[in-house]
Amino acid sequence: MHDVVIAGAGPVGLFLACELGLAGCSVLVLEREPEARSPWKADPLGMRGLSAASVEAFYRRGMLRSLWKESGVDHDPGTEELSSPRGVGHFAGMMLDPAKVDTAALPFRLPGPATEAMMTNLEAVETVLSGQAATLGVEVRRGVAVSGFVQDEEGVTVRAGEREYAARWLVGCDGGRSTVRRLAGFDFVGTEPQFTGYVVLATIADPEKLRPGFNLTPTGMYLRPAEKYVGMLECDGGAFDRSQRPTREHLQAVLRRVSGSDVTLSEIHLASSFTDRAMQTTTYRQGRVFLAGDAAHIHSPLGAQGLNLGLGDAMNLGWKLAATVRGYAPQGLLDTYTRERHPIGAAVLAWTRAQAAVMRPDPHAQAVQELIHDLIETRDVTTYLHKKISGSSNRYDLGSDHPLVGRNAPDFRLEDGTRLGDLMANGKGVVFDFGGGRSLQDSALGWENRLHYAAGPAGNDLGLGAVLIRPDGIVAWAGDRVPDPEAFERAAGRWFGRPAT
Ligand SMILES: Cc1cc2nc3c(=O)[nH]c(=O)nc-3n(C[C@H](O)[C@H](O)[C@H](O)COP(=O)(O)OP(=O)(O)OC[C@H]3O[C@@H](n4cnc5c(N)ncnc54)[C@H](O)[C@@H]3O)c2cc1C
1 MHDVVIAGAG
11 PVGLFLACEL
21 GLAGCSVLVL
31 EREPEARSPW
41 KADPLGMRGL
51 SAASVEAFYR
61 RGMLRSLWKE
71 SGVDHDPGTE
81 ELSSPRGVGH
91 FAGMMLDPAK
101 VDTAALPFRL
111 PGPATEAMMT
121 NLEAVETVLS
131 GQAATLGVEV
141 RRGVAVSGFV
151 QDEEGVTVRA
161 GEREYAARWL
171 VGCDGGRSTV
181 RRLAGFDFVG
191 TEPQFTGYVV
201 LATIADPEKL
211 RPGFNLTPTG
221 MYLRPAEKYV
231 GMLECDGGAF
241 DRSQRPTREH
251 LQAVLRRVSG
261 SDVTLSEIHL
271 ASSFTDRAMQ
281 TTTYRQGRVF
291 LAGDAAHIHS
301 PLGAQGLNLG
311 LGDAMNLGWK
321 LAATVRGYAP
331 QGLLDTYTRE
341 RHPIGAAVLA
351 WTRAQAAVMR
361 PDPHAQAVQE
371 LIHDLIETRD
381 VTTYLHKKIS
391 GSSNRYDLGS
401 DHPLVGRNAP
411 DFRLEDGTRL
421 GDLMANGKGV
431 VFDFGGGRSL
441 QDSALGWENR
451 LHYAAGPAGN
461 DLGLGAVLIR
471 PDGIVAWAGD
481 RVPDPEAFER
491 AAGRWFGRPA
501 T
């Protein structure tokens, strides 16, 4: 019997497998596709934007250098100086100017190697995660599709191919058309599409007829991120029948309509379609079965958020499930997964809906577009939009008034050079005791197999005396200049269970 079976070796399934493997759980990943490689995962079709929070997740597990290498980043983009973000993306195709972000208004930033978003592709992400999973003893079986399961109080029996696999827990990371979601009967609710989108790798006979970059037009949008790569959205109410492969004639007709040009697609190499159908399960858990990533939520790629959202799910669920498997999870810990992640998913769905609404080809939406065009000229609006896109405004409600609690911890660094990111590579929580008195040392001993204690003055302690950080990098507790050991012990017990006696 495995501790956990994961359906799907996409980026979310693999990241979760690494989290569980790091904590010493036995993990089996069952993947439908026999081959890991696919042109859909490599550049240009597999290009994906990773938010700073996702980049930081790789940093905190010691995988950032490999990710840079696999993504073709040939220099160390990390910074010891905080500056304006290099790229801030777009809202409904309207590009934001990084120089207009008010960095002083961004919450709790400290310098570190992972303060910037980056471009990568699915192949790079999966290569790094597969390598890490192998190192951690995770077993990945390819060419086996999960087709059924039964669960009882003791565990789950998963059917895939001709075989059955026993596990204590099952996690469906099997993408937007999740079999696990369907079989378990999760409610999947949301809104129907307004547009059909296409990603196309094509030979374009007369590329000069298309403008570079993002182009918002009266009937939708098109973009050309790379030479043969065209992305298009047509506001057709999602009318295209996605069970069919789009033909060259259809794709050319759509491109002509959305670009208003008579451009010719002479050959289609690869093409697929998507919509902005935005759906989310009402809970991410049913008994011994969880969902993470696209299996739990689907939405349009506007704003480049789906992968980041899924990696956030994996980071949130991994240590909680591992603590449960290992037997030290406090009561109710697993329920915090849905409680914390569902609102973040709902906010991303709302964000993509807002963009779809202002892209509609009607005079009302176009009036709003003009308004937003003016507004994004202001620092306040660009800063607000950047916080939303980057996820830096995300905060879990952990019941504390302290503004740092519930947020992603910045990369605290002690004067002796000890960095939060490096301390987190083993997947444990961290307590920093910044005061001179090591006042939390005795208390922290009780959790020493789950928590790393580090003491000493920090280059910038943000005015705190101590801080407790969960394995997913979220601040669980922030102590005053003279931290109260009892308050620390309550917080540690809440997230890390009973102290060892
Ligand atoms: C055009 C486009 C651009 C995008 N750009 C971005 C971006 O820039 N940034 C961003 O954050 N997101 C982006 N996204 C979204 C992002 O790609 C997805 O959210 C992300 O890949 C989801 O990862 P996942 O692991 O949950 O699912 P998937 O990547 O779909 O992986 C699911 C895995 O499960 C396997 N599987 C399916 N069924 C079974 C089964 N029954 N048994 C076993 N295995 C199964 C599949 O083969 C697959 O390997 C984009 C999406 C699109 C379409």
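Sequential numbering from 1 applies to the sequence shown in the UniProt record's numbering.
We treat Cβ as the ideally placed atom computed from N, Cα and C, and that holds for glycine.
All figures in this text were calculated on a predicted structure; none of them were measured in a lab.
- Taken in chain order, the complete alpha helix (DSSP H) segments of 4 residues or longer contained in the region 277-337 are 306-326.
- Scanning the region 429-481 for uninterrupted beta strand (DSSP E) segments of 3 residues or longer gives 429-433, 451-455, 466-469 and 475-479, listed from N- to C-terminal end.
- Not one heavy atom of ligand 1 is found less than 7 Å from the C-beta of D276.
- If you draw a straight line from the Cα of T247 to the Cα of V258, it is about 17 Å long.
- Closest in C-alpha terms to T120, from the list L50, C173 and T282, comes L50.
- From the listed residues E56, N316, V158 and E70, the smallest Cα separation to V29 is found for V158.
- Of the residues assessed, R470 falls on the buried side of the cut-off, its CB having 16 or more other CB atoms within 10 angstroms.
- Between L251 and M359, the C-beta gap is not smaller than 8 Å, which leaves the two residues out of contact.
- For S259, the uninterrupted alpha helix (DSSP H) run begins and ends at R248 to S259, by DSSP.
- From the listed residues P212, A295 and A17, the smallest Cα separation to D187 is found for A295.
- In this structure, Y198 is the residue among I372, Y198, G148 and R211 with its C-alpha nearest to the C-alpha of Q244.
- R37 is classed as exposed because its beta carbon has fewer than 16 other beta carbons within 10 Å across all chains shown.
- As DSSP reads the structure, A226 sits in a beta bridge with Y229.
- Closest in alpha carbon position to L462, among L445, E448, F434 and D484, is F434.
- L385 sits close to F91, with the two beta carbons spaced by under 8 Å.
- Straight-line measurement puts the Cα of R168 at about 50 Å from the Cα of E267.
- For R159, the enclosing beta strand (DSSP E) has its first and last residue at V156 to A160.
- DSSP places Q244 outside both helix and strand once states are collapsed to three, so it counts as coil.
- Excluding five sequence positions before and after S26, the CB atoms of its chain that fall closer than 6 Å to its own CB belong to H2 and D3, given in chain order.
- Proximity of the beta carbon of T324 to ligand 1 is not indicated: no heavy atom of the ligand is located closer than 7 Å.
- Taking C-beta atoms as the reference points, C235 and G213 fail to come closer than 8 Å.
- Between T352 and L270, the C-beta gap is not smaller than 8 Å, which leaves the two residues out of contact.
- In this structure, the alpha-carbon of S178 lies about 36 Å from that of I372.
- In the structure shown, N408 falls within a strand segment according to DSSP collapsed to helix, strand and coil.
- Comparing alpha-carbon positions, the option among C173, F432 and Q280 lying closest to R413 turns out to be F432.
- For E116, the CB stays at least 7 Å from every heavy atom of ligand 1.
- Taking the Cβ of N460 as the reference point, every heavy atom of ligand 1 lies at 7 Å or farther away.
- V88 has its alpha-carbon roughly 15 Å from the corresponding atom of A105.
- Under DSSP, R413 forms a beta bridge with R419.
- Following the DSSP letters along the chain, one finds L16 in no beta strand (DSSP E) but inside the alpha helix (DSSP H) bounded by residues P11 to L22.
- Shown here for R256: same chain residues with a beta carbon closer than 8 Å to its own, the five before and five after excluded, namely D262 and V263 in chain order.
- Put simply, of T203, T324, A455 and M279 the residue whose alpha carbon is nearest the alpha carbon of L20 is T324.
- Of the residues G238, E162, A367 and P207, the one whose Cα lies closest to the Cα of T196 is G238.
- For Q194, there is no enclosing beta strand (DSSP E), as DSSP marks it with neither H nor E.
- For G287, the closest of R438, G172 and L82 by C-alpha to C-alpha distance is G172.
- G175 counts as buried, since at least 16 other C-beta atoms from the protein chains shown sit within 10 angstroms of its C-beta.
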